[in-house]
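Novice: Mapping the sequence shown onto numbering that gives the first Met the number 0, position 220 (from 1) lands on 219, and the numbers just tick up by one. Just so you know, even glycine gets a beta-carbon here, dropped at the ideal spot from N, CA and C.
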Amino acid sequence: MGDILRKFGRYFLLDHLAQGGMAEIYRARMAAVDGAGRLIVIKKVIAGYGSNREFLQMFRSEIKVTMGFNHPNIVQLYDFGEEHGQPYIAMELVDGKNLRQFISRFHELKQTFPVELAAYIIEQSASGLHYAHSYKDKISGSPLNIVHRDVSPQNILISFEGNVKVIDFGIAKATTNMESTRAGVIKGKPSYLSPEQISGEVLDGRSDLFALGAVLWELLTGKKLFAGENELAVLKLIESCQTHVKPPSTINPKVPKELDSIVLKILAKQREKRYQSAEELQRALHKFLYSFSPEFNPSDLAYYAKDLFKNEIVEDRKKIQRLNDKVEQLLASDLHDLPTMDSTFESHSKEEDSTIVEPSSRATGSREVFSPQDFSQGDSDEKVEVDVAPPSQRNSPDYHRSKHTPNNTPFRTSRNFPNTSAPQRRIVNSSPSFGGGKAIVMIAIIILILSVFGPEFGVRVPFFSSFLGGWIGGSEARLVLMGSAKGVTVAVNGQTVASALPATLHGIPVGSLVRITVTGPSGHFQQDITLKKGEQKQISVILATSTGLTSGGSWRKTALPDKSIYLRLNISPGGGSPAILVSGRAVDINNPVTIVPLDSPLELSIERTGYKPFKRDFVIDSRQVSGHNEWPAEIQLEPARFGFLTIHTTPSADATILIDGSPWKKKTPIENEKLPAGNYSIRLINDVLGMEKIVSITIQEGKSVNVEERLEIKN
Numbered sequence: 000m001g002d003i004l005r006k007f008g009r010y011f012l013l014d015h016l017a018q019g020g021m022a023e024i025y026r027a028r029m030a031a032v033d034g035a036g037r038l039i040v041i042k043k044v045i046a047g048y049g050s051n052r053e054f055l056q057m058f059r060s061e062i063k064v065t066m067g068f069n070h071p072n073i074v075q076l077y078d079f080g081e082e083h084g085q086p087y088i089a090m091e092l093v094d095g096k097n098l099r100q101f102i103s104r105f106h107e108l109k110q111t112f113p114v115e116l117a118a119y120i121i122e123q124s125a126s127g128l129h130y131a132h133s134y135k136d137k138i139s140g141s142p143l144n145i146v147h148r149d150v151s152p153q154n155i156l157i158s159f160e161g162n163v164k165v166i167d168f169g170i171a172k173a174t175t176n177m178e179s180t181r182a183g184v185i186k187g188k189p190s191y192l193s194p195e196q197i198s199g200e201v202l203d204g205r206s207d208l209f210a211l212g213a214v215l216w217e218l219l220t221g222k223k224l225f226a227g228e229n230e231l232a233v234l235k236l237i238e239s240c241q242t243h244v245k246p247p248s249t250i251n252p253k254v255p256k257e258l259d260s261i262v263l264k265i266l267a268k269q270r271e272k273r274y275q276s277a278e279e280l281q282r283a284l285h286k287f288l289y290s291f292s293p294e295f296n297p298s299d300l301a302y303y304a305k306d307l308f309k310n311e312i313v314e315d316r317k318k319i320q321r322l323n324d325k326v327e328q329l330l331a332s333d334l335h336d337l338p339t340m341d342s343t344f345e346s347h348s349k350e351e352d353s354t355i356v357e358p359s360s361r362a363t364g365s366r367e368v369f370s371p372q373d374f375s376q377g378d379s380d381e382k383v384e385v386d387v388a389p390p391s392q393r394n395s396p397d398y399h400r401s402k403h404t405p406n407n408t409p410f411r412t413s414r415n416f417p418n419t420s421a422p423q424r425r426i427v428n429s430s431p432s433f434g435g436g437k438a439i440v441m442i443a444i445i446i447l448i449l450s451v452f453g454p455e456f457g458v459r460v461p462f463f464s465s466f467l468g469g470w471i472g473g474s475e476a477r478l479v480l481m482g483s484a485k486g487v488t489v490a491v492n493g494q495t496v497a498s499a500l501p502a503t504l505h506g507i508p509v510g511s512l513v514r515i516t517v518t519g520p521s522g523h524f525q526q527d528i529t530l531k532k533g534e535q536k537q538i539s540v541i542l543a544t545s546t547g548l549t550s551g552g553s554w555r556k557t558a559l560p561d562k563s564i565y566l567r568l569n570i571s572p573g574g575g576s577p578a579i580l581v582s583g584r585a586v587d588i589n590n591p592v593t594i595v596p597l598d599s600p601l602e603l604s605i606e607r608t609g610y611k612p613f614k615r616d617f618v619i620d621s622r623q624v625s626g627h628n629e630w631p632a633e634i635q636l637e638p639a640r641f642g643f644l645t646i647h648t649t650p651s652a653d654a655t656i657l658i659d660g661s662p663w664k665k666k667t668p669i670e671n672e673k674l675p676a677g678n679y680s681i682r683l684i685n686d687v688l689g690m691e692k693i694v695s696i697t698i699q700e701g702k703s704v705n706v707e708e709r710l711e712i713k714n
């Protein structure tokens with residue numbers, strides 16, 4: 000969903016998460032400076048639906064039912080009210096995904112849901128439902144007899160920290176409800192209705208247990224229990240559940256018989272034969288879980304969650320940081336006319352009445368990892384531009400075509416664009432005073448200027464920058480040395496070309512190795528590069544003392560230059576002899592640590608025999624460093640030829656495999672892990688119980704190997 004950035008009462012809406020028939024959900028924060036200590040969810044009625052009596056009754060019911068809830072397995076409601084005629088609820092934000100998204104991700108990966116995780120998630124959900132079912136009025140002490148009535152994978156959230164939360168009590172029934180469900184109206188998702196819901200009987204908590212059993216059956220088998228061509232077909236399957244429901248182990252042989260018994264009991268058609276309370280079910284699952292997997296820890300769910308959605312987590316962290324920064328800028332600007340829900344402002348669209356004006360972005364393209372930040376160009380106001388082509392090339396037509404000043408002047412100085420590293424933002428009225436034709440001409444001129452000169456400052460216009468750069472540069476290349484230093488010696492292949500940074504070097508020879516050196520009072524920099532015809536490249540220059548270099552070209556832990564940090568590369572799997580380059584500079588494979596600048600674009604490339612080339616553009620944000628002098632980067636190499644390994648052990652164990660002479664270690668169960676094709680010896684060990692086993696396997700390209708082992712007591 001898109002960015003919003005709108006003020007809504009005392010809250011600031013950040014982005015749109017979801018929308019139902021008559022309500023929409025936003026991620027939000029307090030509309031106060033430094034109010035981002037807690038992100039929340041705003042659920043509000045869509046404008047125009049406030050007159051729908053039945054829907055408003057459901058909305059108020061959710062408030063009435065959950066306002067007093069305080070349980071770790073139920074999303075907490077913080078606040079409610081009405082703004083601009085739209086009722087709303089402010090509630091806890093769960094930083095994670097719903098269970099349906101987990102099921103879909105396992106399906107995409109062609110993996111089965113781990114048995115112990117399925118049991119744990121349903122156990123925690125049962126704990127939350129028991130709290131709701133037994134909840135009493137805070138004033139009278141009378142039981143409210145709450146029934147959720149819509150238990151489904153979509154209404155069970157799992158945070159990336161491994162917390163399980165039941166949500167959406169919008170159609171929950173309680174003794175305080177002003178209205179009962181109309182005859183003939185069934186509320187809830189068809190595939191998770193109980194037999195008594197279909198027949199219109201009076202409901203109690205055991206109805207929610209049946210729905211929870213259908214969810215557990217689906218987790219264990221990877222299929223919906225009640226699925227048909229239409230709703231009527233689904234309802235008929237539920238009515239015949241006594242014969243339709245089969246033990247999960249008939250589809251997934253990894254499910255033990257003890258869990259089969261629990262599932263079948265939950266899904267009994269007669270509720271008298273089910274568990275009689277959610278607490279009874281929770282205790283049964285808890286007992287099973289720790290007999291089946293004694294080493295299980297609730298944090299295991301967090302590890303799975305973070306691994307399954309690692310890419311989404313990184314992107315969302317970058318997004319929420321960007322949105323929060325914009326809100327802080329708006330709030331700190333002391334503007335009285337902030338965008339509100341009744342305005343037409345959105346952060347990603349152009350408006351006729353008001354526009355937010357920001358400094359021009361200097362990003363050169365999409366960058367990922369670690370924390371995005373526009374890179375600055377240093378504090379110097381001067382930038383040296385130098386022609387460094389040898390005399391033989393300077394006489395060529397291509398060389399003369401690339402000149403920006405007459406007389407082949409080898410050194411020339413131009414002013415930098417004004418420093419815009421400090422973010423500024425203001426709201427102005429946009430009232431164009433010229434016709435559409437003039438506007439098009441002005442836009443074309445701006446694009447032309449940015450295309451030609453922008454790359455020197457980190458600004459690239461897609462297609463135009465590359466095309467014009469290649470046309471103007473001819474057979475030469477251009478190199479921009481980023482940094483802030485005076486009184487240095489900048490040399491290309493030993494020829495001195497500049498005495499200050501930043502410097503733009505024109506006429507770099509192409510197709511051959513060029514050595515760039517920068518020497519000054521604070522240290523030395525050297526890098527060998529090869530540029531292509533018309534290429535325009537930026538290099539961040541960090542001067543370091545020569546004593547910081549080891550014989551292998553890596554860096555000892557010496558005093559760091561200003562605005563820099565040690566980057567430590569943790570490459571997995573280990574072993575082998577990879578070639579590692581960070582912004583073109585080689586890194587010692589035995590000690591993969593190098594000094595890099597903060598808040599500047601970096602390029603990482605790794606090549607290793609038997610693995611796909613690894614490339615990544617990223618920035619290390621100084622705001623995220625928090626006083627540390629070292630920044631770790633986790634790198635996962637993907638084999639060029641690989642197969643899949645699945646390991647299940649009883650009890651759980653640490654699996655250690657030697658890959659290229661370096662140990663690779665992971666805790667079982669392991670599902671469809673990619674490994675390079677080859678022969679391996681796996682050591683399975685449980686130190687707590689003193690058990691181990693060694694297994695030999697062969698991984699073939701594109702094929703799966705399943706290992707099912709029971710560990711033995713060590714001799």
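1) Nearest CA to the CA of Lys-325: which residue from Ser-661, Ala-639, Val-706, Ala-31?
2) What did DSSP end up calling Leu-480 once you bin it into helix, strand or coil?
3) Within its chain, find whatever has a CB closer than 7 Å to the CB of Arg-26; leave out the 5 residues flanking it on each side and keep chain order.
4) Is the region 206 to 217 in contact with the region 147 to 156, if contact means three or more CB pairs nearer than 8 Å?
5) Flag His-83 as yes when its Cβ comes closer than 7 Å to any non-hydrogen atom of the ligand COA, and as no otherwise.
6) Taking all protein chains shown into account, decide if Ala-117 is buried (16 or more other Cβ within 10 angstroms of its Cβ) or exposed.
7) Report the option in Glu-691, Phe-58, Thr-495 whose CA atom is closest to the CA atom of Leu-504.
8) Only counting the same chain, and skipping five residues up and downstream in sequence, which positions put a Cβ closer than 8 Å to that of Tyr-303?
9) Where does Arg-28 sit, in a helix, a strand or coil, going by DSSP?
10) Please tell me whether Phe-308 and Lys-96 are closer than 8 Å, where the distance is taken between their beta carbons.
11) With burial defined as no fewer than 16 other Cβ atoms inside 10 Å of the residue's Cβ, what is the status of Ser-290: buried or exposed?
12) On the three-state DSSP scale, how would you describe Lys-692?
13) Compute the distance between the beta-carbons of Ser-721 and Val-618, then report whether it is under 8 Å.
14) Compute the Euclidean distance between the alpha carbons of Ile-698 and Leu-657, then round it to the nearest angstrom.
15) Can you tell me the Cα-Cα spacing of Lys-223 and Ile-250, whole angstroms?
16) Would you mind sorting Ser-292 into buried or exposed? The rule is 16 or more other CB atoms within 10 Å of its CB.
17) Shortest alpha-carbon distance to Gln-110 belongs to which of Ile-646, Pro-572, Gly-519, Ala-654?
18) Please report how far the alpha carbon of Phe-11 lies from the alpha carbon of Ser-621, in whole angstroms.
19) Is DSSP giving Ala-578 helix, strand or coil here?
20) Can the beta-carbon of Ile-73 be found closer than 8 Å to that of Tyr-130?
21) Where does Glu-367 fall in DSSP's three states?
22) Within the same chain, show all residues whose beta-carbon is closer than 6 Å to that of Gln-241, passing over the 5 residues directly before and after it, in chain order.
23) Any idea what DSSP makes of Gln-281, helix, strand or coil?
24) Measuring CA to CA, which of Glu-122, Leu-512, Ser-703 is closest to Gln-526?
25) State the Cα-Cα distance for the pair Lys-713 and Glu-691, rounded to the nearest angstrom.
26) Does the contact criterion of 3 or more C-beta pairs under 8 Å hold for the region 228 to 239 versus the region 279 to 287?
27) Quick one: what's got a C-beta closer than 7 Å to Lys-673's C-beta in the same chain, skipping five residues either side?
28) How should Asn-685 be labelled, buried or exposed, when 16 other C-beta atoms within 10 angstroms of its C-beta is the threshold for buried?
29) Quick one: measure Cβ to Cβ for Lys-134 and Leu-143, integer angstroms, because I've assumed they're closer than 8 Å.
30) Can you tell me which residues form a DSSP beta bridge with Thr-667?
31) Do you know offhand how far Gly-199's Cα is from His-147's?
32) Runs of 3 residues minimum, wholly inside the region 52 to 117: which ones carry the beta strand (DSSP E) assignment?
33) Run through DSSP, which three-state label would Arg-567 get?
34) Ends of the alpha helix (DSSP H) at Gly-493?
35) For a test of the three-state rule: what should DSSP assign to Ser-359, helix, strand or coil?
36) Quick check on this structure: which residue in Val-487, Ala-499, Tyr-610 has the alpha carbon closest to the alpha carbon of Phe-700?
Specialist: Checking against the coordinates, here is how it stands:
1) The residue from Ser-661, Ala-639, Val-706, Ala-31 with its alpha-carbon nearest to that of Lys-325 is Ala-31.
2) Reduced to three states, the DSSP call for Leu-480 is strand.
3) Close CB contacts of Arg-26 within its chain, under the 7 Å cut and outside five residues either way in sequence, are with Leu-13, Asp-14, Leu-16, Leu-38, Val-40, Leu-92 (chain order).
4) Yes, they touch.
5) Among the components of this structure there are no ligands whatsoever, and the ligand COA is therefore not found.
6) Only buried fits Ala-117, as 16 or more other CB atoms lie within 10 angstroms of its CB.
7) That would be Thr-495, whose Cα lies nearest to the Cα of Leu-504.
8) Around Tyr-303: Pro-113, Leu-116.
9) Looking at Arg-28 - three-state DSSP - the assignment turns out to be strand.
10) Yes, they are a contact pair.
11) The C-beta of Ser-290 has fewer than 16 other C-beta atoms within 10 Å across all chains shown, which makes the residue exposed.
12) Looking at Lys-692 - three-state DSSP - the assignment turns out to be strand.
13) No answer is possible for residue 721: it lies beyond the span of the chain, which begins at 0 and ends at 714.
14) Looking at the two C-alpha atoms, the distance is approximately 13 Å.
15) If I take the Cα positions, the gap works out to 12 Å.
16) Ser-292 sits buried, since 16 or more C-beta atoms from the chains shown fall within 10 Å of its C-beta.
17) Selected option, being the one with the closest Cα: Ile-646.
18) Phe-11 and Ser-621 have their C-alpha atoms some 26 Å from each other.
19) It is a strand residue.
20) By the CB criterion at 8 Å, Ile-73 and Tyr-130 fall inside the cutoff.
21) Because the pLDDT of Glu-367 is 34, which lies under 50, any placement of that residue in the model is unreliable, and the question is left without a value.
22) In chain order, Lys-268 place their CB closer than 6 Å to the CB of Gln-241, counting only its own chain and leaving out the 5 sequence neighbours on each side.
23) It is helical.
24) Ranking the options by Cα distance to Gln-526, first place goes to Leu-512.
25) The C-alpha of Lys-713 lies about 6 Å from the C-alpha of Glu-691.
26) They do not touch, by the three-pair rule.
27) If you ignore the 5 residues before and after Lys-673, its C-beta comes within less than 7 Å of the C-beta of Glu-637, Pro-638, Phe-641, Phe-643, all in its own chain and listed in chain order.
28) So Asn-685 ends up on the buried side.
29) Checking the sequence, you will find Tyr at residue 134 rather than Lys. Rounded to whole angstroms, the Cβ separation of Tyr-134 and Leu-143 is 5 Å, and the two are in contact under 8 Å.
30) None; Thr-667 has no bridge partner.
31) Cα-Cα distance, rounded: 15 Å.
32) Taking only runs of at least 3 residues, the beta strand (DSSP E) segments lying wholly in the region 52 to 117 are 76 to 82, 85 to 91, 95 to 97.
33) In the three-state DSSP reduction, Arg-567 falls in the strand class (E or B).
34) DSSP places Gly-493 outside any alpha helix (DSSP H), giving it a letter other than H or E.
35) For Ser-359, the predicted model reports a pLDDT of 34, less than 50, meaning its position is unreliable and no value from the coordinates is stated.
36) At residue 700 the sequence reads Glu, which differs from the Phe that was named. Nearest to Glu-700 by alpha-carbon distance, out of Val-487, Ala-499, Tyr-610, is Tyr-610.
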